[in-house]
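J.: First, the structure itself, so that you have it in front of you.
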Amino acid sequence: MDVSLTGFAPLGDRVWWARAEPASVTVGLVAGGTGCLVVDTGSCPSQGRAIRAAAEATAGVPVVAAVVTHHHYDHLFGLAAFADVATYGHRSIPGSVLRHAGLARELAEMGLSRADLARPGRAFRRRAALDLGGRPVGITHLGPAHTPGDSVVIVPDADLVFAGDLVEEAGPPSIELDTSLPGWLRALDRLLRRCGPATTVVPGHGRPVDRAFVAAQRAWLAAAAP
Ligand SMILES: [Zn+2]
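Residue numbers (my numbering): -17 to 208.
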């Protein structure tokens, strides 16, 4: 099992992204005047600690918060490394983890047990907001989609959105047992309404894309819907 992390590459003014293995998952980083936010936490607590150290070395300010975009292992299983800071995630996440049929296999593959998992300390239903020191960031649940609890992280002053697995560039969108395809189309409609022609959308897997890519992926999903 390749458990590794690239360096953080810039996406805009004090916003970065990195890629973590396994699963080539995107990790986001947003810095403000007093602290930084990590978006998605990798596949195990030790990877979460590596992400945290790299984030602080890159941003030059302490990690004050982490958000998980949804409950899948490559985004969530590193969350315990952030237990002493504010952690955000949709309130459905703990239940979705326990219902996930692949949980035992994924834990075994990562050499973990349930005791290694953390739940978001600041669970929200619709949205959460935080200020990193003169830099507001919004976290919004756009409705059940790829999973019941997908959230996007919006950095208004950078015109940038971390979309989690609502958008995938590395391959086709991942339709799972608990996916709601009609919900996913509604969520992408809501996301598209928030995007302008210059908005950067950062997928959960793959390279940053633009509004036109998101619109094309919505069309792909609409064609996949029964
Ligand atoms: Zn996912």
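Where a beta carbon is used, it is the ideal one built from N, C-alpha and C, also for glycine.
1) Select from 160, 185, 92 the residue whose C-alpha is nearest the C-alpha of residue 82.
2) Let me check you understand the geometry: is the CB of residue 132 closer than 6 angstroms to at least one non-hydrogen atom of ligand 1?
3) On the DSSP letters alone, give me the boundaries of the beta strand (DSSP E) that residue 71 sits inside.
4) Whose C-alpha, out of 153, 140, 205, 1, is nearest the C-alpha of residue 183?
5) Give every residue of the same chain whose Cβ lies closer than 8 angstroms to the Cβ of residue 62, excluding the five residues on either side of it in the sequence, and list them in chain order.
6) What first and last residue would you give for the alpha helix (DSSP H) that runs through residue 203?
7) Taking 6 angstroms as the cut-off, is the C-beta of residue 54 nearer than that to any heavy atom in ligand 1?
8) Apart from the five residues on each side of it in sequence, which residues of its chain come closer than 6 angstroms, Cβ to Cβ, to residue 46?
9) When you measure from the CB of residue 147 to every non-hydrogen atom of ligand 1, does any distance come out below 6 angstroms?
10) Sorted by chain position, which residues of the same chain lie with C-beta nearer than 7 angstroms to residue 213's C-beta, five sequence neighbours on each side aside?
11) Taking just the CA atoms, how far does residue 84 sit from residue 25?
12) Given this structure, state the Cα-to-Cα distance separating residue 116 from residue 198, to the nearest angstrom.
13) Quick check on residue 64: does DSSP put it in helix, strand or coil?
14) How many Å lie between residue 70 and residue 103 at the Cα?
15) Does any heavy atom of ligand 3 sit closer than 6 angstroms to the C-beta of residue 186?
16) Taking only three categories from DSSP, how would you classify residue 119?
17) Is it the case that the Cβ atoms of residue 129 and residue 53 are separated by a distance below 7 angstroms?
T.: On the basis of the data shown:
1) 160
2) no
3) For residue 71, the enclosing beta strand (DSSP E) has its first and last residue at 68 to 72.
4) 140
5) 27, 30, 98, 99, 100
6) 193 to 206
7) yes
8) 17, 67
9) yes
10) Since the first and last residues shown for the chain are -17 and 208, residue 213 lies out of range.
11) 14 angstroms
12) 35 angstroms
13) helix
14) 6 angstroms
15) Here the bound small molecules are ligand 1; ligand 3 is not part of this structure.
16) strand
17) For residue 129 and residue 53, yes; Cβs fall inside 7 angstroms.
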